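Below is one structure, written out as structure tokens; the observations come after it.
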Amino acid sequence: MPCFMQNMTNNWKWYTVFRGWDPGVYGTWYECYKQGINFDGFYYAHFDTKEEAIAGFDRYNHAATIEREVHDQLTLEEALAELYEIPPPLLPQRL
């Protein structure tokens, strides 16, 4: 079935595989799903457009690069928060 027809059946969703057998952007759930079969730590997200899916993949890879460069200083979650300018969670003050 052509990619056009497959996307019609899943409401034009695009899938980004961040951690899987072959990370990347996929136009069908089935192709995305195959990347996670028997893969420990499979991680994906869906997007409404291909452009959003590609941008999400690029942001994830950029954040992962930041984590590798400063792995002693930032976790992946902290790098993503920095990339998206998300304020850190408020922590209780020690007395």
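Going by my numbering, the sequence shown opens with residue 8, and the numbers climb by one from there.
Heads up, the beta-carbon is just placed ideally off N, CA and C, and yes, glycines get one too.
Source: prediction; values computed, not measured.
- Under the DSSP assignment, TRP36 falls outside any beta strand (DSSP E), being part of the alpha helix (DSSP H) whose first and last residues are 36–41.
- About 6 Å separates the Cβ atoms of TRP21 and GLY34, confirming a contact at the 8 Å cut-off.
- TYR37 and ILE44 have their C-alpha atoms spaced approximately 11 Å apart.
- Taking all protein chains in view, the Cβ of THR23 is crowded by 16 or more other Cβ atoms within 10 Å, so the residue is classified as buried.
- At least 8 Å separates the beta-carbon of ALA62 from that of LEU87.
- With contacts defined as CB atoms closer than 8 Å, ARG66 and GLY48 fail to qualify as a contacting pair.
- Exclusion of the five residues before and after ASP29 leaves GLN42 as the residues of its chain whose Cβ lies within less than 8 Å of its Cβ.
- DSSP, read as helix, strand or coil, puts GLY48 in coil.
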